[in-house]
Amino acid sequence: MSKKEIPYKIYLEEKEMPTQWYNVRADMKTKPAPLLNPGTLQPMTAQELGAVFCDELVRQELDDCTPYIDIPQEILDFYKMYRPSPLVRAYCLEKKLQTPAKIYYKFEGNNTSGSHKLNSAIAQAYYAKKQGLKGVTTETGAGQWGTALSMACSYFDLDCKVFMVKVSYEQKPFRREVMRTYGASVTPSPSETTQVGRKILAEHPGTTGSLGCAISEAVEAATSAEGYRYVLGSVLNQVLLHQSVIGLETKAALDKYEIVPDMIIGCAGGGSNLGGLISPFMGEKLRGERDYKFIAVEPASCPSFTRGRFAYDFCDTGKVCPLAKMYTLGSGFIPSANHAGGLRYHGMSSTLSQLYDDGLMEARSLEQTAVFEAAEQFARVEGILPAPESSHAIRVAIDEALKCKETGEEKTIVFGLTGTGYFDMVAYEKYNNGEMTDYIPTDADLEKGFAGLPKVEG
Ligand SMILES: *Cc1c(COP(=O)(O)O)cnc(C)c1O
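So for the sequence shown, my numbering puts the first residue at 688; every next one is plus one.
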């Protein structure tokens, strides 16, 4: 144990900040399976991917051997405006729980977009600008990614077209207006503005949309307009790479005080914050230097890891994207209206999926009332109103700390607090009124999603 007193917040000085991202794939013995062309079922080439994504991002996507990649100076400069994010010792929560466990959280909600998504948005906007593009298109579910991307695009003076899942567009007008304030155009999805949108509307009139459907529209909008590319806020390898800044800062801060975590916990939607947080620690585990327990936490209503299949699947409803091998519920699976919008994706990062399949990390699923109980408890003692997504990690951190109370073990727990919940007050209102319901899909519900999996070996 270190003799140094551990402050409430551990910050890094400028010279201690990471200047490179860490690519965990470089240290993986079993590499994540490649993206496949849905027509030929052959691995997507850089040229094929380049029709959809920015060139430099394609290089990062396909690079599974370079461990460290320089963060361009322009991105480092932007990071300086809101990073390092604080690593906080949750002294007040520990006291409240009367646990001998030591709890730390890495707080990514300290920027206007309110989540970690800005870390990758700024990188993707930078590479689009560098390529001389006019703009980018994307989808957003709950709105956090669209907000982050609109901020990043306005910084680099790029056009930003966001397809927002219709139900969120209607229920979250404030996020929509933040995006518009930063100059983005926001279209509710499915829309009449794309072929795939019109097709989905014809087949499912009155649908309130889904992430998979908005992705199809955004890809079509990018590939049918000159000077545009599509960008994605999670799932892809490049996004995990950018988000490694979270883990690198966390590790630098812990190392400074000679703190070694026993377990690292994060919520998992598409896997980018969790992947980014654990990457450098996972690297140590993969290289046999140290062991950690990693826990992915997902909603019981959208249980990709805990009840999904590890298989090639479509990334979007319209089936226009490459196939990815991942833990998935099937691209046709429509999760029930869980309030953690950012965790409602049917699939999971193929990097995390491979690590999970190799037994290098664990996963748990939670019902939303249990998640909001933890959110409330945390908000009351730690002074931050957490996002519902982040609160999945809080719940498991609290559960683990309570186990330590029983056993008397002084474990060190680190979790990712990915964002704030100010735009989720309708969900909190439901919880406060005692009107929140839990929904767990039956095996029969899941079978319907699995039935739509493409037949691909591998
Ligand atoms: C988007 C989001 C998530 C989930 O996305 P990942 O890619 O799995 O990290 C979690 N928390 C917040 C606050 C988000 O906005």
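Where a beta carbon is used, it is the ideal one built from N, C-alpha and C, also for glycine. Computed from a predicted structure; not experimentally measured.
Fill in: Residue environment, Asp942, which counts as buried when at least 16 other CB atoms sit within 10 Å
On the sequence shown, position 255 is the one that residue 942 refers to. Label assigned to Asp942: exposed.
Discussion item. Is Thr881 a contact residue of ligand 1, with contact defined as CB to any heavy atom under 7 Å?
Written reply: Residue mapping note: residue 881 aligns to position 194 of the sequence shown, counting from 1. Every heavy atom of ligand 1 is 7 Å or more from the Cβ of Thr881, so no.
Discussion item. If the criterion is Cβ atoms closer than 8 Å, does the pair Lys1012 and Ala720 meet it?
Written reply: One-based indexing of the sequence shown puts residue 1012 at position 325. One-based indexing of the sequence shown puts residue 720 at position 33. Yes, Cβ-Cβ distance for Lys1012 and Ala720 is below 8 Å.
Item to complete: Determine the burial state of Tyr1109: buried for a count of at least 16 other Cβ atoms within 10 Å of its Cβ, exposed for fewer.
Response: The residue labelled residue 1109 in the question sits at position 422 within the sequence shown. Exposed: under 16 other Cβ atoms inside 10 Å.
Practice prompt. Mark Gln1055 as exposed unless 16 or more other C-beta atoms lie within 10 angstroms of its C-beta, in which case mark it buried.
Written response: Indexing the sequence shown from 1 puts residue 1055 at position 368. Classification for Gln1055: buried.
Practice prompt. My understanding is that Ser876 touches Gly884, with C-beta atoms under 8 Å, so please give their C-beta distance in whole angstroms.
Written response: Counting from one through the sequence shown, the residue named residue 876 turns up at place 189. Counting from one through the sequence shown, the residue named residue 884 turns up at place 197. At roughly 6 Å, the Cβ-Cβ gap stays under 8 Å, so Ser876 and Gly884 are in contact.
Worksheet item: Would the C-beta of Leu1030 count as close to ligand 1, meaning under 7 Å from any of its heavy atoms?
Response: As a position in the sequence shown, residue 1030 is number 343, starting the count at 1. Yes, since a heavy atom of ligand 1 falls inside the 7 Å radius drawn around the Cβ of Leu1030.
Discussion item. Suppose you measure from the CA of Val1113 to the CA of Asp714; what does that come to, to the nearest Å?
Written reply: In the sequence shown, residue 1113 corresponds to position 426, counting from 1. In the sequence shown, residue 714 corresponds to position 27, counting from 1. Using only the alpha carbons, I get a separation of about 43 Å.
Fill in: Residue of Ile902, Thr786, Gly914 and Gln882 minimising C-alpha distance to Gln818
One-based indexing of the sequence shown puts residue 818 at position 131. It is Gly914.
Fill in: Beta-bridge partners of Trp708, as assigned by DSSP
For the purposes of this step, residue 708 is taken as the residue at position 21 of the sequence shown. DSSP lists Ile756 as partners of Trp708.
Worksheet item: Do the segment 1087-1095 and the segment 1064-1077 meet, that is, are 3 or more Cβ pairs less than 8 Å apart?
Response: no
Worksheet item: Phe1020 by DSSP, collapsed to three states: which one?
Response: On the sequence shown, position 333 is the one that residue 1020 refers to. Of the three classes helix, strand and coil, the one that applies to Phe1020 here is coil, per DSSP.
Discussion item. Taking the beta carbon of Arg977 as the centre, do at least 16 other beta carbons fall within 10 Å, making it buried, or is it exposed?
Written reply: In the sequence shown, residue 977 corresponds to position 290, counting from 1. Exposed, since its Cβ has fewer than 16 Cβ neighbours within 10 Å.
Worksheet item: For Glu826, which beta-bridge partners are listed by DSSP?
Response: As a working mapping, residue 826 is identified with position 139 in the sequence shown. According to DSSP, Glu826 bridges with Phe850.
Fill in: Meets three-Cβ-pair contact criterion under 8 Å: the segment 723-738 and the segment 929-937
no
Worksheet item: Across which residues does DSSP place Cys954 in a beta bridge pair?
Response: Counting from one through the sequence shown, the residue named residue 954 turns up at place 267. Val984, per the DSSP bridge assignment.
Practice prompt. Please list, in chain order, all residues of the same chain as Glu663 whose beta carbon is under 6 Å from its beta carbon, the five residues on each side excluded.
Written response: The chain is shown from 688 up to 1145; residue 663 falls before or after that span and cannot be answered.
Discussion item. Assuming contact is defined by CB atoms lying nearer than 8 Å, are Asp1003 and Gly899 in contact in what I supplied?
Written reply: Indexing the sequence shown from 1 puts residue 1003 at position 316. Indexing the sequence shown from 1 puts residue 899 at position 212. Less than 8 Å separates the beta-carbon of Asp1003 from that of Gly899.
Fill in: Cα-Cα separation, Asn806 to His1026
Counted from its first residue, the sequence shown places residue 806 at position 119. Counted from its first residue, the sequence shown places residue 1026 at position 339. Cα to Cα, Asn806 sits roughly 23 Å from His1026.
Fill in: Contact under 8 Å by Cβ, Ile809 with Phe765
For the purposes of this step, residue 809 is identified with residue 122 of the sequence shown, where counting begins at 1. For the purposes of this step, residue 765 is identified with residue 78 of the sequence shown, where counting begins at 1. Their beta carbons are under 8 Å apart, which means Ile809 touches Phe765 by this criterion.
Item to complete: Answer yes or no: the CB of Lys804 versus the heavy atoms of ligand 1, is any distance below 7 Å?
Response: As a position in the sequence shown, residue 804 is number 117, starting the count at 1. Under cutoff, so the answer is yes.
Discussion item. Between which residues of its own chain and Trp832 is the CB-CB distance below 6 Å, once the five residues before and five after are set aside?
Written reply: Residue numbering aside, residue 832 sits at position 145 when the sequence shown is read from its first letter. Contacts found: Lys804 and Gly920.
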